[in-house]
Amino acid sequence: MNLGLFIPELSIVATAIVVVLLDLFIQRKGLLVWVSLAGLVVSAGFTIAMWGGSSQAIFNNMLAVDNFALFFKLLFLGIAALVILASVDYVSKFAHFQGEYCALILLSTLGMMLMAATADLISIYIALELTSISLYILVGFLKDPKSSEASLKYLLLGAVASAILLYGMALVFGFTGKTQLGEIAQVIQAMSPQILLASPALILGIVLLVAGFGFKIAAVPFHMWVPDVYEGAPTPITAYLSVASKAAGFAIILRVFYSAFGLPNWLSLDWGLIFAVLSAIGMTLGNVVAIPQTNIKRMLGYSSIAQAGYLMVGLATVGLSPVADILGRSGLLFFLASYALTNLGAFIAIIAISNKLNSDMIDDYSGMGKRAPLLALALTLCLISLIGLPPAAGFMAKFYIFSGAIQHGLLWLVIIAVINSVISAYYYLRVVKVMWLGEPVAEEKVPSSGALRVALSLSCLGVLLLGIIPGFVMRLAELAAKMFVF
Amino acid sequence: MSFNYLTTIIFLPLVGAILIAFLPNLGERLIKRIAAVFTFIPLALSISLFCLFDRSLGAAGVIQFEEKLLWIPAINAHYHLGVDGLSLPLVVLMTVLGFLVVLISWKIDLRPREYFAWLLLLETSILGVFCSLDLLLFFLFWEIEVIPMYFLISIWGTGRKEYSAIKYVVYTLFGSALMLAGILSLYFTTGSLSMVDIAQTGLAPLATAIPVVAIFFLLLAGFAVKLPVVPLHTWLPDAHTDAPTAGSVVLAGALIKMGGYGMIRLCVSIFPQVAHNYAPLLVALAVVSVLYGAAVTLRQTDLKRLIAYSSISHMGYVLLGIFALSQVSLTGAALQMFSHGFITGLLFAVAGLVMHNAGERDLRKLGGLARQMIVIAIVFSVAGLGALGLPTTSGFAAEFLVFVGSFSSTAVAGIQVYTILAVFGIVITAGYILWMLQRVFYSEVLERFNGVADADNLEKVYLFAFIAVIMLVGIYPAILTDVIKLGILPIIQGSGF
Chain W
1 MNLGLFIPEL SIVATAIVVV LLDLFIQRKG LLVWVSLAGL VVSAGFTIAM
51 WGGSSQAIFN NMLAVDNFAL FFKLLFLGIA ALVILASVDY VSKFAHFQGE
101 YCALILLSTL GMMLMAATAD LISIYIALEL TSISLYILVG FLKDPKSSEA
151 SLKYLLLGAV ASAILLYGMA LVFGFTGKTQ LGEIAQVIQA MSPQILLASP
201 ALILGIVLLV AGFGFKIAAV PFHMWVPDVY EGAPTPITAY LSVASKAAGF
251 AIILRVFYSA FGLPNWLSLD WGLIFAVLSA IGMTLGNVVA IPQTNIKRML
301 GYSSIAQAGY LMVGLATVGL SPVADILGRS GLLFFLASYA LTNLGAFIAI
351 IAISNKLNSD MIDDYSGMGK RAPLLALALT LCLISLIGLP PAAGFMAKFY
401 IFSGAIQHGL LWLVIIAVIN SVISAYYYLR VVKVMWLGEP VAEEKVPSSG
451 ALRVALSLSC LGVLLLGIIP GFVMRLAELA AKMFVF
Chain B
1001 MSFNYLTTII FLPLVGAILI AFLPNLGERL IKRIAAVFTF IPLALSISLF
1051 CLFDRSLGAA GVIQFEEKLL WIPAINAHYH LGVDGLSLPL VVLMTVLGFL
1101 VVLISWKIDL RPREYFAWLL LLETSILGVF CSLDLLLFFL FWEIEVIPMY
1151 FLISIWGTGR KEYSAIKYVV YTLFGSALML AGILSLYFTT GSLSMVDIAQ
1201 TGLAPLATAI PVVAIFFLLL AGFAVKLPVV PLHTWLPDAH TDAPTAGSVV
1251 LAGALIKMGG YGMIRLCVSI FPQVAHNYAP LLVALAVVSV LYGAAVTLRQ
1301 TDLKRLIAYS SISHMGYVLL GIFALSQVSL TGAALQMFSH GFITGLLFAV
1351 AGLVMHNAGE RDLRKLGGLA RQMIVIAIVF SVAGLGALGL PTTSGFAAEF
1401 LVFVGSFSST AVAGIQVYTI LAVFGIVITA GYILWMLQRV FYSEVLERFN
1451 GVADADNLEK VYLFAFIAVI MLVGIYPAIL TDVIKLGILP IIQGSGF
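As given, the protein sequences belong to chains W and B, one line each in that order. Numbering of the first sequence is given in this note's numbering, commencing with residue 1 and proceeding in unit increments. Numbering of the second sequence is given in this note's numbering, commencing with residue 1001 and proceeding in unit increments.
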């Protein structure tokens, strides 16, 4: 047992507690945001210091401390920091509960950091619930009818997903008698294929796990909650949900399926194909349904379903490739990083615009190129990145993840994916068109606060860097892809 | 190599674009001057590149002015630039057009800041395509071009501009999506992203999991949309017609050449055997493009649309020359790309002037303009005669080489028949060009055009610059063919046709 390796998480817990307590005593609530940010930075500092160390397991093999987990922890900390920065204006509108807002974001970040590290079915479930419950509250934070409806919907569907997940875990546990992922893998590998095939329990368990996790990553057909929740939630929380929650879902899927079900090969081929099919359906449905949307948050909701589809190309690659091959995993990690930056950038621009307009309708963005040229330029860059056009990060991410897929016989899936990118160009460019070609509805400029500008510049800079010189982050992703094996 | 010519040429316009976009408080005149400076220096550099280029036979297939840096280690991608005999003329073409379109756009007053920023970014991306020797870099530049073109058409265009712009984007992205799959397959099959290495080793000895034919056609799809080849051509008339004049000039002059360039550089160089097997099909498509394009052109009544459709027919000659697979025909195809760039660029430029000065583009309503616009009428006639391949214009040299090369090619059975059919395209071309000239300039004089102005001095400068290049290449084609030959020879030798 080594508490030293748990310091990043502990510092987040401490910050969350401090924020809640401070909220009781201080008048200038604006300070809370900066305290939270400081906590995130400290935690990130500890995480970076641990990078590159030898992989090990702590707390009776419940948690793994490896580059894979550290990569995701950094990603979540970065996302949380940007989201909190972007919330500065938003939070100041609330009369109450500013401290709780920050604390809940911190706690859900903690849950996600644990999700990336957990290596035991029980701790997986706990981390997942910690994340989800914080998010249920955050989604309903506005307390208006739309927000409350979104929260309730998210809670109910999330509860069902959790139940399915638990059922899947129970089946896997019943079949193998273990909850620790490494031990599950050993039991499965020791069995002969006949025994594995004789009982449907394992396969059924895996399918249920896919369904339970699929809810988190918004994979079709477990995506029903996405558009409503994205539309109803406070915009910073929508941004947070769309990137962090999704990344955490992918982290845990990678960990579970790679560690526990990576061998024998026919088994990983099976779940690889499940993900390939889900991927094809997901991106097609997400993109096609996004076309007629008129609300930009809803549109980005469907777009995130489609992006989950592209990400699942990576999961399918992991399933179809030999265990030693890292291309599928590193491609997935790189895609997640670039997707996080891109989508955050887009949402931050939307937050800035909707602060002024109080509207999320695409038509109201008309003439934004004249009213707020830099915001419009940033949003355009992020949308271009979502299409997957250079020089933005999305292009490199797609190139990298698809090149892995082609190496493992998924040419058909890649062709579906690239054609989907073309479809997606249509609705992303519609927003671009409205902003630059439309006549302004009003002459007023759209102002943006300093914090928002910093957050937006950081994410746009990231998008460009990852699109033009992605070598460094790709190297990190490659290192992180070498996961701890028990 | 002490001075990085190519990097400078490619990225100077981008620097100009960034300056124009982000420097505060720029006046309209200053913006235009910055644009002119940042396109003129690349032009001067590319001409000195053209002079410095080693033309000796020993330089055949040698990449000159090469620059190579490791770019993304994880996927073995390099920042790898270089020119050979095939790409150098196209680089010159683009830099010349890049400068001339800034002059052509001198009268733009709608949102000039964005306009010139996009125009310069467009130049960077097209130059990048012609200079890249790394597949990822090539594709990156290839894709960047879409966004500036989208804005140029949809903001500064005319007619159904938004429809044309999005149609252009969707067609291009569709083609390049398949091309991306092809590039990834090629990368997987060879483990390399270097065009030079892949072309040298070839694909034959490799046991491929993905059929070579599939990769060939995935790549070809992207290029065929861009060239365009009938039946993938329907974006072209819309985009060319509705784009602003400068947009049409770049589009017809340089952008669609990316398709022909890609076909020679990737499809023919890397897959000679597949290209040979499927040449009859592609040559037949070429003849269809020539004849269908020309026939449809005959029916046009809109000045710009007429020129746009004529491009389809002229690009058919390029396709014919490429897949006739002989040294002469390939040289002709490359020359035709260069020549068409200037001739059609000029046609669009003068058409733009006619539209601007006379305020009319419907051929049925125009007439007798030779009386008011003498210079424009002469220039238009020269460009038209170039388009129909009259000797002493570059059009003649190029088309002659394509026909001679194709007719005598041994690579494709029955090519003589196809060539003869394609020659009829010239006859139809003569028909529509002469008819157009007659309608616009020489039919009965219309009273309402009495006050129409001729070209002003700036316009005369760029019009004569176009004509000078067209005549120079027409009278002394060896200035280019000597260069092009160096790029074509290794392809022919490597394939063994």
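Yeah, the Cβ is synthetic: ideal placement off N, Cα and C, and Gly gets one too.
Closer than 7 angstroms, CB to CB, is residue i near chain B or not?
i	result
Gln-407 (chain W)	yes
Val-414 (chain W)	yes
Ser-403 (chain W)	yes
Gly-471 (chain W)	yes
Leu-320 (chain W)	no
Leu-411 (chain W)	yes
Met-474 (chain W)	yes
Which same chain residues, not among the five before or five after residue i, have their C-beta less than 7 angstroms away from its C-beta?
i	result
Tyr-1187 (chain B)	Leu-1135, Leu-1193
Leu-1298 (chain B)	Ile-1428, Gly-1431, Tyr-1432
Gly-1321 (chain B)	Ser-1329, Leu-1330, Gly-1332, Ala-1333, Gln-1336, Val-1402, Gly-1405, Ser-1406
Ala-163 (chain W)	none
Leu-341 (chain W)	Ala-393, Ser-459, Gly-462, Val-463, Leu-466
Val-1229 (chain B)	Leu-1285, Ser-1289, Leu-1319
Val-1274 (chain B)	Val-1212, Val-1213, Phe-1216
Ala-117 (chain W)	Leu-63, Ala-64, Val-65, Ala-69
Leu-1437 (chain B)	Phe-1380, Ser-1381, Gly-1384
Ala-1181 (chain B)	Leu-1218
Val-323 (chain W)	Gly-262, Leu-263
Phe-1130 (chain B)	Ser-1087, Leu-1090, Val-1091, Met-1094, Tyr-1261
Ile-1484 (chain B)	Gly-1085, Leu-1086, Pro-1089, Thr-1331, Ala-1334, Leu-1335
Measure the beta-carbon distance from residue i to residue j and round it to whole angstroms, keeping in mind my assumption that it falls under 8 angstroms.
i	j	result
Phe-39 (chain W)	Leu-106 (chain W)	It is worth fixing the name first, because residue 39 (chain W) is Gly in this sequence and not Phe. Yes, Gly-39 (chain W) and Leu-106 (chain W) are in contact; Cβ-Cβ is about 7 angstroms, under 8 angstroms.
Thr-1481 (chain B)	Thr-1301 (chain B)	Their Cβ separation, rounded to whole angstroms, is 38 angstroms, which puts Thr-1481 (chain B) and Thr-1301 (chain B) out of contact at 8 angstroms.
Val-1283 (chain B)	Val-1404 (chain B)	In fact, because the Cβ distance is near 15 angstroms, the residues do not count as touching under 8 angstroms.
Ile-487 (chain W)	Leu-37 (chain W)	Chain W is shown only over 1 to 486; residue 487 (chain W) falls outside these bounds and no answer can be derived.
Leu-5 (chain W)	Val-19 (chain W)	The Cβ separation is near 24 angstroms, so there is no contact.
Val-313 (chain W)	Tyr-258 (chain W)	Their Cβ separation, rounded to whole angstroms, is 16 angstroms, which puts Val-313 (chain W) and Tyr-258 (chain W) out of contact at 8 angstroms.
Val-1268 (chain B)	Ile-1415 (chain B)	Not really, about 16 angstroms apart at Cβ, beyond 8 angstroms.
Phe-399 (chain W)	Leu-311 (chain W)	The Cβ separation is near 14 angstroms, so there is no contact.
Pro-543 (chain W)	Met-396 (chain W)	Outside the shown range of chain W (1 to 486) lies residue 543 (chain W), about which nothing can therefore be said.
When you compare the CB of residue i with every CB in chain W, is at least one pair closer than 7 angstroms?
i	result
Ile-1491 (chain B)	no
Glu-1143 (chain B)	yes
Leu-1437 (chain B)	no
Leu-1137 (chain B)	no
Ser-1154 (chain B)	yes
Ile-1210 (chain B)	yes
Leu-1335 (chain B)	no
Leu-1140 (chain B)	yes
With a CB to CB cut of under 8 angstroms and the five nearest residues on each side skipped, what residues in its chain are close to residue i?
i	result
Trp-1106 (chain B)	Lys-1032, Leu-1458
Ala-1349 (chain B)	Leu-1100, Ile-1104, Thr-1245, Val-1249, Tyr-1462, Leu-1463, Phe-1466
Ser-366 (chain W)	Val-434, Met-435, Gly-438, Glu-439, Pro-440, Val-441
Tyr-125 (chain W)	Ser-162, Leu-165, Leu-166, Met-169
Got a sec? Which residues, its chain only, sit under 6 angstroms from residue i by beta carbon, not counting five neighbours each side?
i	result
Phe-402 (chain W)	Val-414
Phe-1223 (chain B)	Gly-1259, Gly-1262, Met-1263
Between the region 1058 to 1081 of chain B and chain W, which residues of the former have a C-beta closer than 9 angstroms to a C-beta of the latter?
The residues in question are Leu-1070, Trp-1071, Ile-1072, Pro-1073, Ala-1074, Ile-1075, Ala-1077.
Along the region 415 to 434 of chain W, what residues have a CB closer than 7 angstroms to any CB found in chain B?
Listed by position along the chain: Ile-415, Val-418, Ile-419, Ser-421, Val-422, Ala-425, Tyr-426, Leu-429, Lys-433.
In chain order, what residues of the region 379 to 398 of chain W put their CB closer than 9 angstroms to some CB of chain B?
So the close ones are Thr-380, Ile-384, Ile-387, Gly-388, Leu-389, Pro-390, Pro-391, Phe-395, Met-396, Lys-398.
Segments assigned beta strand (DSSP E), at least 3 residues, entirely inside the region 192 to 252 of chain W
Here no run is fully enclosed.
Which of the residues in the region 1169 to 1192 of chain B, read from start to end, lie with their CB under 8 angstroms from any CB of chain W?
Residues passing the 8 angstroms Cβ filter: Val-1169, Val-1170, Leu-1173, Phe-1174, Ala-1177, Leu-1178, Leu-1180, Ala-1181, Leu-1184, Ser-1185, Tyr-1187, Phe-1188.
Pull out every residue of the region 436 to 448 of chain W whose Cβ sits closer than 9 angstroms to any Cβ of chain B, in chain order.
So the close ones are Trp-436, Leu-437.
At a CB distance below 9 angstroms, what residues from the region 1008 to 1033 of chain B approach chain W? Give them in sequence order.
Sequence-ordered contacts of the region 1008 to 1033 of chain B with chain W read Ala-1021 [C-beta pairs closer than 9 angstroms].
Write down every uninterrupted run of the beta strand (DSSP E) in the region 1120 to 1203 of chain B whose length is 3 residues or greater and which is fully enclosed by it, in chain order.
Unbroken beta strand (DSSP E) stretches of 3 residues or longer found wholly inside the region 1120 to 1203 of chain B: none.
Report the residues of the region 1119 to 1137 of chain B with a CB closer than 7 angstroms to any CB of chain W, ordered along the chain.
The region 1119 to 1137 of chain B vs chain W, Cβ under 7 angstroms: Leu-1136.
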